[in-house]
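Taken in order, these protein sequences are the chains called A and B.
Residue numbers for the first sequence follow the numbering used here, so the first one is 355 and each next one is one higher.
Residue numbers for the second sequence follow the numbering used here, so the first one is 262 and each next one is one higher.
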Amino acid sequence: MAGPVLEAKNLVKHFPVKRGLLSREVAVVRAVDDISFSIDPGKTLGVVGESGCGKTTTAKMVLMLERPTGGIMRFEGQDLQALDGGSLRAYRRSVQAVFQDPYASLNPRMRVGSIIVEPLVTNESLASAEVRKRLLRLLDLVGLPERAADLFPHEFSGGQRQRIAIARALSLSPKVIVLDEPVSALDVSIRAQILNLLRDLQAQLGVSYLFIAHDLAAVAHMSHTIAVMYLGKIVEIGPAEIVAKSPKHPYTQALFSAALPSHPDERRDEIILAGEVPSPLAPPAGCRFHPRCPHALPRCSSEEPKLLSESGRLVACHLYPK
Amino acid sequence: MTGPLLDIRRLSTHYVSARGTRVTRAVDDVTLSLDQGQTLGIVGESGSGKTTLALTLLRMLPPAARIVSGEMLFEGSDLIKKPENEMRRIRGKRIAMILQDPMMSLNPLFTVGDQVAEPIRVHEGTPRRSAWKRATELLKAVRIAAPETRVGEYPHQLSGGMRQRIVGAIAISCEPRILIADEPTTSLDVTIQAQYLNLLRDLQRSHNLALIFITHNLGIVAKMCDQVAVMYAGRMVEAGPVKQIYNAPAHPYTRALLESIPRLGDNRQRLTAIDGQPPDPSAPPPGCAFHPRCPKVMDRCRSEAPPEFRVTDTQTSRCWLSAPAAR
């Protein structure tokens, strides 16, 4: 199929804040506020941003763990809101997730083999010989030995557990895998192994990733497209090399300049942002970044910038077009 | 004063199990030194012994740990031989520490002012009122906006970045000579991390502190440190000036670690991964602990642990490849 595997248009998620005996709605957290993105088959969309920017809420909506308040999400051209019963189950099969902490995401009472094939057993009626065959193939895919199937999660190190979680996510041959900080809980020397494995699997199986991480270098390494989020908005989105090499939005520039160097001689012009991310309960008017922005103009505090095309990517900033 | 501010010689700290049958060599034969105003990075993965090394320095080890050998000379006198009451006057006053999680290191029941003023009152006997005044000044020094109101607030009223800066204010409250920071920024966001690291560097300059960074992040070392010590399975496998080691790592582990990190602006399709897992610290492999994962392993590595070789005047490496005959 030519079109994107997953497409979000003007996606919104608001959480009501309730108080008191009658649960009166006193405020709204605008966790995700009107964002649009798409993921092509076999490609990776990397989402970066600081805590509270809405990246996890976005992932939850993709996984259908949260219902969007507004906007449209399409999977292979089909509106997700319209799904029910069988088609909804089919969707959940096609979208899987790998989480940050493999110590928490694997059931300690189940053997690794049962963990990996559990999605298969619940979703498809297969003969046990076929299940075993698929299990061995999955173990082989993620580089675990056959005997791993009969052991318990505690017998594995962090990196191996993350391989188990990846094998489980792959068991239903999904189209999209949501990777929420998949390596940040792992040891440094193990991270490269898992990142390489994820890239190999993508090349081999043609699966798409929604990759969420705070390590900018890892996101730039893994992604085809990068979306930068700030307080529920996408402020910049475009091809990974372009965004990482020459960021345009002042927030993206600050974020990438604050990334740690890989060599002591590497000196960047650091842009140190003042203050902290404001509460999403009361985001600033106009451009949400303007109170911390080093280039803020008078209109930034009143007028919200639109995402517009600028040298090969989309930027939401009044500084552009120049 | 002649000699370094801190001189650790052949220090070993082991954990002994309750029945005394199992011994974990968490820190094994570590030698390093630190001058005034210098920044040392101690890098290692989980289980490499870097945190045990820091706790040994302050003698805050859990009961199962034993300092089995070595010396820790601080301003010329051995910290290991000091009685506990003298040690108590050093901890928090001469050598201070910042821990990883600011939520865990602040007491939720006391105000910020009480907690920042506490070390000043304990170590210097300053009365409460003037200690609070000092606390307000310290909050200003760690760049907290409106310190006069923040000083009366409780930790839950502050953001993560602010809490970590308060922990920093407590650490420098008695003007220590050495500040140990154990993964100080892992729980912070990228832009807040940059703020905090710059703050630490400014504090170091204004107070002429010696800083010890304990981290698994080679980027922090590249940004902040003059000297680096790389730990693996309780041993210091390589040490020396940061630039020298990043340009020409002598130990295969250091080299592999530096190559395995994704960098902004490089277009490698694959990262150079290190095979295998870090060893279980209670049962490290015989010989050189890195040999099962080493791309340049030789027969000798499997049976004989390499001693510390001098690669240059300032750089040491525990690898047979660095032996004078092999070079």
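Glycine included, each C-beta is placed from N, C-alpha and C at the ideal position.
From a predicted model like this one, the values you see are computed outputs, not experimental measurements.
Counting other Cβ atoms within 10 Å of its Cβ, A:Gly666 stays below 16 and is therefore classed as exposed. Of B:Ala586, B:Gly374, B:Cys580 and B:Ala471, the smallest CA-CA separation from B:Arg516 is found for B:Cys580. In the DSSP annotation of this structure, the continuous segment of the alpha helix (DSSP H) that includes B:Val451 starts and ends at Val451 to His468. DSSP, read as helix, strand or coil, puts B:Tyr415 in coil. Look at A:Asp433: its C-beta is not under 9 Å from any C-beta on chain B. Listed in chain order, the non-local C-beta contacts of A:Ala539 below 6 Å within the same chain comprise Gln454 and Asp455, local neighbours out to five positions each way being set aside.
In summary, A:Met464 is exposed, with fewer than 16 beta-carbon neighbours lying within 10 Å of its beta-carbon over all protein chains present.
Contacts with chain B (Cβ-Cβ distance below 9 Å) from the stretch 604-619 of chain A involve Tyr605, Ala608, Leu609, Phe610, Ser611, Ala612, Ala613, Leu614, Pro615, Ser616, His617, Pro618 and Asp619, listed in chain order. For A:Ser655, there is no enclosing beta strand (DSSP E), as DSSP gives it neither H nor E.
Our two residues, A:Tyr563 and A:Met576, have alpha carbons roughly 9 Å apart in a direct line. For the options B:Ala442, B:Gln465 and B:Thr372, the alpha carbon positioned closest to that of B:Gln361 is the one of B:Ala442. Chain-order list of chain A residues neighbouring B:Arg524: Ala571 and Ser616, by C-beta distance under 7 Å. Residue contact check for B:Ile431 against chain A: no CB pair falls below 9 Å. Interface annotation, B:Gln361: not in contact with chain A, CB-CB separation never under 9 Å. Rounded to the nearest angstrom, the gap between the Cα atoms of A:Pro422 and A:Val366 is 6 Å. The Cβ of A:Met576 sits closer than 9 Å to at least one Cβ of chain B. Rounded to the nearest angstrom, the gap between the Cα atoms of B:Val489 and B:Pro502 is 6 Å. Secondary structure at B:Gly422: helix, using DSSP grouped into helix, strand and coil. Within 8 Å of the CB of A:Val542, the CB atoms of chain B belong to Glu306, His477, Asn478, Leu479, Leu518, Ser521 and Ile522, in sequence order along the chain.
In the displayed model, B:Ile535 falls within coil according to three-state DSSP, outside both helix and strand. Between the stretch 389-397 of chain A and the stretch 431-442 of chain A there are fewer than three C-beta pairs closer than 8 Å, too few to call the two in contact. For the stretch 517-549 of chain A, the set of positions with a beta-carbon nearer than 8 Å to some beta-carbon of chain B reads Asp541, Val542, Ser543, Ile544, Arg545, Ala546, Gln547 and Leu549 in chain order. For A:Ile596, not one C-beta of chain B is nearer than 9 Å to its own C-beta. Counting along the chain, B:Leu400 sits inside the alpha helix (DSSP H) bounded by residues Arg389 to Ala402. Taking all protein chains shown into account, A:Gln558 has fewer than 16 neighbouring C-beta atoms within 10 Å of its C-beta and is therefore exposed.
According to DSSP, B:Thr292 shares a beta bridge with no other residue.
In the DSSP annotation of this structure, the continuous segment of the alpha helix (DSSP H) that includes A:Ser482 starts and ends at Ser482 to Leu495. If the five residues before and after B:Gln454 are omitted, its C-beta is found closer than 6 Å to the C-beta atoms of Thr446, all from its own chain and listed in chain order. Contact between B:Arg426 and B:Tyr457 holds, with the beta-carbon distance rounding to 7 Å and staying under 8 Å. Just so you know, the alpha carbons of A:Gln514 and B:Tyr514 end up roughly 20 Å apart. Distance from A:Arg384 to A:Gly629 at the Cβ level is roughly 19 Å; contact not present, criterion being Cβ atoms closer than 8 Å. When CB distances to chain A are screened at a threshold of 9 Å, the residues of the stretch 526-539 of chain B falling below it are Gly526, Asp527, Asn528, Arg529, Gln530, Arg531, Leu532, Thr533, Ala534, Ile535, Asp536, Gly537, Gln538 and Pro539, in chain order.
Each of B:Arg496, B:Gly308 and B:Ser448 was checked against the Cα of B:Gly421, and the nearest Cα belongs to B:Ser448.
Residues of the stretch 437-471 of chain B with a C-beta less than 8 Å from any C-beta of chain A: Asp450, Val451, Thr452, Ile453, Gln454, Ala455, Gln456 and Asn459, listed in chain order. Around the beta-carbon of A:Ser656, fewer than 16 other beta-carbon atoms lie within 10 Å, marking it exposed. Residues of chain A whose Cβ lies closer than 9 Å to the Cβ of B:Gly422 are, in chain order, Glu630.
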